[in-house]
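Input: a single structure, listed below in structure tokens.
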Amino acid sequence: MNYSVVKIFCFSLVLLFLGNTNIHAQDSKCAEFFRAMEYEKAVLCLEKNQPTSAEGWRMLGEAYRLSGKASKAFRMYDRILKNYDDKATQTDLFKAMVYSRMARQYGKSVEYAQQLLDQYGNNRLANDIIELDSLMDELSDRKTGIFSASPTSISDDQIDIGPMFMSGGELVFASSRRKAQPKRVENTSTGLGFLDVFKATIDGKNLENITRLDESFQTDYHDGPVSFAKEGSMAAISRTLENGYNAQGQMPLGIFIGNKSEYGEWDSWEAFPHNDPTFSCTHPFLTADGKRLYFSSNMPGGSGGSDIYYSDYTAEGWSKPENMGSRINTSFDEVFPVMTQRGDMLLFASDGHFGLGGLDVLIARKSSLGIYDIIDNPGAPVNSPLDDYGLVLDPMLEYGYFTTNRQASKNREDIYYVKVEVPFEFSKIISGIVRDTAGNGIPNSDVQLVDSFLNVLMTTKTDEEGRYGFELQENGRYLVEARATGYNEGNNVIVMNPRQLNYTMNLMLPEFEGLSFFGRMMDGEARRFMEDVKVTLTNLDNNDMQSTFSNKDGSFRFALDQYTLGQLYNIRIVVEKTGYQKKTFEFSVTFTKNGPFVLNKALNLSMTK
0 MNYSVVKIFC FSLVLLFLGN TNIHAQDSKC AEFFRAMEYE KAVLCLEKNQ
50 PTSAEGWRML GEAYRLSGKA SKAFRMYDRI LKNYDDKATQ TDLFKAMVYS
100 RMARQYGKSV EYAQQLLDQY GNNRLANDII ELDSLMDELS DRKTGIFSAS
150 PTSISDDQID IGPMFMSGGE LVFASSRRKA QPKRVENTST GLGFLDVFKA
200 TIDGKNLENI TRLDESFQTD YHDGPVSFAK EGSMAAISRT LENGYNAQGQ
250 MPLGIFIGNK SEYGEWDSWE AFPHNDPTFS CTHPFLTADG KRLYFSSNMP
300 GGSGGSDIYY SDYTAEGWSK PENMGSRINT SFDEVFPVMT QRGDMLLFAS
350 DGHFGLGGLD VLIARKSSLG IYDIIDNPGA PVNSPLDDYG LVLDPMLEYG
400 YFTTNRQASK NREDIYYVKV EVPFEFSKII SGIVRDTAGN GIPNSDVQLV
450 DSFLNVLMTT KTDEEGRYGF ELQENGRYLV EARATGYNEG NNVIVMNPRQ
500 LNYTMNLMLP EFEGLSFFGR MMDGEARRFM EDVKVTLTNL DNNDMQSTFS
550 NKDGSFRFAL DQYTLGQLYN IRIVVEKTGY QKKTFEFSVT FTKNGPFVLN
600 KALNLSMTK
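The numbering of the sequence shown is numbering that gives the first Met the number 0, which starts it at 0 and goes up by one.
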């Protein structure tokens, strides 16, 4: 098969490729075939009745593309640009650029990219094609990739897409295979059955014991892909919205969520509340706990084409979908999102990022700001000049499966097996947002990471939204401190878990209300923060006394409401805790500016037994 499988089966059954083009031949039999998505018949009709206009060649180009003939599609747009220059549009030029890559005409692709920029201005993909063209050899080199890839044992003349792991060592996928589908109607756009959901036993690239899932997973139209959560007791599936029609009069796709009953039956499927008959929500992926749903949608308000969104399950139900942002989503299509079990990588496919052509599998990692904005293309052999998508990896990130139509002669989608040849290396990320008491992010705040010896390891400033992040390699106990002009300090402690990579630490800074003493107690031998240390402050000038106890991070604070700037004060500090030696400090201080006076800079506040 080809990209039409992604567009037709898994997107919205919408004719996206002709855009706003007015086809002169739309009353012809050829156009009827095209509108009915019978692309092979449209190709035969148009080849027999050779087009005589740019509009006719466009239709033939799209019919070629949607029936898996990328090289011929490229030649049609190349013909339009050469022979119908006065009729050629920006879309024609863009498609010539994109389809030439799928036809492995990389030099032509660069040529068209430059022409597109010269005539129509900035274009993200065109810029990438020109600037990153030198990386094509590296991306295409099958010997240097982090994966190896090979067809699975089920590769045949049917469509198999959307592999996903199930519990019990099984793989679930969507397929057009007719076995056990005696009542299924034929999908005229492919001549095959509509998609049903199947499962297979996993043995590396050998997928065995293929059986159709429970009838509750199947309808008369497209069903799948499907994702499971909560150890197989919860599922999200993509299927045709039988009662919905979009602006083109065709049925879009929606997501349905089911839960297995105590009797092992899937009898409570509910529509995702953000489904809509005017657009598609599809390619669902549930996190292991079932609390977050990632999916792809061409809903209004996105970047263009289809974008990746997520929705969280709350006490009120599924939250309003959040767009994953411009680093992930482009004006083209981003599809088949999969989050690795530890939450360290988002796997997805796109035809809007730089790649080998068609849909490419991409890997998005979390940056130190805690957002998925480090995008990698793993190159060959996972990616090819045609469509590659739906990569899923096992929890240990050692092997997985994906969908491809690289065997163009078959004109069908296959599931391939991948093995991770170069282990992934991950840093630990501590990230969060520094906010005021009203919940607003505080930009340009100073944030520092402190180890258990009170050494400042890293410093950074928050961005315009108050976000910060640190990237580090070692496990341990760390303190995150934040300061900002006009606010009191905020801090908290993080204890690293060897199995966890991503930590969120949001800090709230109260508005500054006056002078203060701030300190942090340490166990001088164990080199850890000390909780419940009694700290007594005495103003020796008037014998005013106040006491407090250190918090779990060893910190304590005295508000100095009666103190003023520029005046000399004689101070006594006493620290004591059962089992430790009591310590007394006497010193003089003159406050020269508002804010906390950090006692650790002047006093040794570590205690010994």
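Glycine is no exception: its CB is placed at the ideal position from the N, C-alpha and C atoms. Note that the structure is predicted; figures quoted are calculated from it, not measured.
So residue i packs on residue j, CB below 8 angstroms; how close in whole Å?
i: P442; j: T461; result: 6 angstroms
i: L292; j: Y309; result: 7 angstroms
i: L602; j: F590; result: Going by Cβ atoms, the distance from L602 to F590 rounds to 16 angstroms, so no, they are not a contact pair.
i: E333; j: S295; result: 6 angstroms
i: N599; j: R527; result: About 15 angstroms; that fails the 8 angstroms criterion.
i: L92; j: Q113; result: Not confirmed; about 11 angstroms, so no contact.
i: F401; j: V419; result: F401 to V419, Cβ: 12 angstroms. No contact.
Which term fits residue i, buried or exposed, when burial requires 16 or more other beta carbons within 10 angstroms of its beta carbon?
i: N21; result: The pLDDT assigned to N21 is 42, lower than 50, so where the model puts this residue is not dependable, and the model offers no usable value.
i: D552; result: buried
i: A72; result: buried
i: L567; result: exposed
i: S587; result: exposed
i: Q157; result: buried
i: Y63; result: buried
i: G203; result: exposed
i: G475; result: exposed
i: L539; result: exposed
i: A314; result: exposed
i: I572; result: buried
i: I362; result: buried
i: R405; result: buried
i: P394; result: exposed
i: F164; result: buried
i: N376; result: buried
Restricting to Cα atoms, I'd like to know which of the options is closest to residue i.
i: R123; options: F146, A235 and S325; result: S325
i: P595; options: F511, H282 and R74; result: F511
i: E230; options: S166, D531, V455 and K427; result: S166
i: G106; options: I129, L115 and L506; result: I129
i: P299; options: Y312, T277, S318 and A314; result: T277
i: N208; options: K198, S215 and Q217; result: K198
i: Q447; options: S70, S267 and A481; result: A481
i: Q340; options: E412, E137, G399 and G356; result: G399
i: L500; options: A235, M250, I428 and V479; result: I428
i: E488; options: L65, I201 and F517; result: F517
i: K592; options: Y562, S549, L115 and F93; result: Y562
i: G161; options: N542, N205 and Y415; result: Y415
i: T535; options: K576, E39 and S330; result: K576
i: L206; options: Y38, N490, D413 and T218; result: D413
Mind checking whether residue i and residue j have CB atoms under 9 angstroms apart?
i: L345; j: L392; result: no
i: G223; j: A148; result: no
i: E269; j: G253; result: no
i: A437; j: G389; result: no
i: R74; j: L355; result: no
i: H273; j: K319; result: yes
i: S66; j: A102; result: no
i: F555; j: S549; result: yes
Can you give the Cα-Cα distance for residue i and residue j, rounded to whole angstroms?
i: D560; j: N328; result: 52 angstroms
i: P509; j: G440; result: 12 angstroms
i: T51; j: T88; result: 17 angstroms
i: H23; j: S133; result: Note on H23: pLDDT 47, under 50, position unreliable in the model; the coordinate value appears next. Their Cα atoms are separated by approximately 41 angstroms.
i: F271; j: S305; result: 18 angstroms
i: P422; j: V532; result: 46 angstroms
i: S546; j: K608; result: 22 angstroms
i: E214; j: E264; result: 10 angstroms
i: T484; j: S444; result: 8 angstroms
i: I570; j: S430; result: 38 angstroms
i: Q49; j: R34; result: 18 angstroms
i: R466; j: L368; result: 6 angstroms
i: S383; j: S139; result: 8 angstroms
i: R183; j: F216; result: Low confidence applies to R183: its pLDDT is 49, below 50, so where it sits in the model is not reliable, and the reading given next is rough at best. In a straight line, the C-alpha of R183 is about 14 angstroms away from that of F216.
i: S154; j: E473; result: 44 angstroms
i: T537; j: Y477; result: 31 angstroms
i: D311; j: S260; result: 22 angstroms
i: R655; j: T403; result: There is no way to answer for residue 655, as the model of the chain reaches only from 0 to 608.
i: G168; j: T200; result: 6 angstroms
i: A30; j: R238; result: 27 angstroms
i: N19; j: V196; result: Low per-residue confidence applies at N19: pLDDT is 37, beneath 50, and the placement is therefore not dependable enough to give any value.
i: N542; j: N454; result: 35 angstroms
i: V109; j: G120; result: 15 angstroms
i: N612; j: T218; result: Any answer about residue 612 is impossible in this case: the structure gives the chain only from 0 up to 608.
Would you say the beta carbon of residue i is closer than 8 angstroms to some non-hydrogen atom of the ligand PLP?
i: T607; result: With respect to the ligand PLP, the structure shown offers nothing to examine, as it has no ligands at all.
Against chain B, does residue i count as a neighbour if the rule is that its beta carbon must be under 9 angstroms from one of theirs?
i: P422; result: Protein chain content of the structure displayed is limited to a single chain, and chain B is not contained in it.
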